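Student: Supplied in structure tokens, the structure appears directly below.
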Amino acid sequence: MPHKFSRLFAAIAAATFLSVPALRAETLDYSFELLEVTYPVVGGDSVLTMRLTDLRDQQPVAEAVIFATRLDMEPEGMVMMTSPVTPLPIEKLGEYRFSAAFSMKGRWQISVAAKIQGEVETVSARIIVEVQE
Ligand SMILES: [Cu+2]
């Protein structure tokens with residue numbers, strides 16, 4: 024289905040673009056970025072891959088503990104509309120994966136908070152994901 028593929032790529036491009044202004048790291052030494060969202064369509068089983076980087080040496084941060092995630096439709100004014108986010112096993116250093124299912128077309132926001140070894144402050148980010156029909 025080439026139609027579906029083109030929509031998927033468009034959605035990833037949008038997510039990448041939107042992640043820049045939405046990024047809010049409380050500790051400016053780190054950045055959380057959304058690397059990939061597989062299948063960002065309504066009803067699809069998606070995997071969101073985020074990368075945590077130490078900006079001082081550009082190295083991936085492997086020893087973080089992700090303790091809060093939330094997926095909701097706040098960008099569309101539907102903050103009460105949430106969807107479960109489940110952490111998945113780590114496959115690659117510094118990359119954190121979550122499974123999620125989107126129940127509605129539009130912009131969703133994933134909020135993530137992490138504790139990093141040796142850091143007092145919590146690192147958090149909110150990133151927009153564009154979901155297609
Ligand atoms: Cu909604």
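First residue of the sequence shown? That's 24 in our numbering, and the numbers climb one at a time after it.
Glycine included, each C-beta is placed from N, C-alpha and C at the ideal position.
Computed from a predicted model, the values in this text were never measured in an experiment.
(1) Classify E144: buried if its beta carbon has 16 or more other beta carbons within 10 angstroms, exposed otherwise.
(2) Going by the C-beta, is G12 closer than 8 Å to any heavy atom of ligand 1?
(3) Is there at least one non-hydrogen atom of ligand 1 closer than 8 Å to the beta-carbon of E99?
(4) Using 8 Å as the cut-off, can you tell me whether the segment 69 to 78 makes contact with the segment 103 to 123, which would need three or more C-beta pairs spanning the two stretches below that distance?
(5) Going by the beta-carbon positions, is the gap between I133 and V154 smaller than 9 Å?
(6) Suppose only complete runs of 3+ residues qualify. What are the beta strand (DSSP E) ranges in the segment 70 to 149, listed by chain order?
(7) Kindly indicate which three-state DSSP category Y160 falls into: helix, strand or coil?
(8) Quick check: the Cα distance between P63 and F125, rounded to an integer number of angstroms?
(9) Taking the alpha carbon of M127 as the reference point, which residue from S54, P98, R79 and Y53 has its own alpha carbon closest?
(10) By DSSP, does D68 sit in helix, in strand, or in coil?
(11) Please classify I165 as buried or exposed, where buried requires at least 16 neighbouring CB atoms within 10 angstroms.
Tutor: Quick look at the numbers:
(1) In the assembly as shown, E144 is an exposed residue. Its beta-carbon has fewer than 16 other beta-carbons within 10 Å.
(2) Here the chain has residues from 24 to 156 only, and residue 12 is not among them.
(3) Relative to ligand 1, the nearest heavy atom lies less than 8 Å away from the CB of E99.
(4) Touching, yes.
(5) Not a contact, by the Cβ cut-off of 9 Å.
(6) Positions of the beta strand (DSSP E) runs, each at least 3 residues long and wholly inside the segment 70 to 149, are given as 88 to 96, 101 to 106, 108 to 110, 118 to 124 and 129 to 138 in order along the chain.
(7) Here the chain covers residues 24 to 156 and nothing more, so residue 160 does not appear.
(8) Between P63 and F125, the C-alpha separation is close to 7 Å.
(9) Residue P98 holds the alpha-carbon nearest to the alpha-carbon of M127 among S54, P98, R79 and Y53.
(10) In the structure shown, D68 sits in a strand (DSSP, three-state: E or B).
(11) The structure shown does not extend to residue 165, since the chain is modelled only from 24 to 156, so the question has no answer here.
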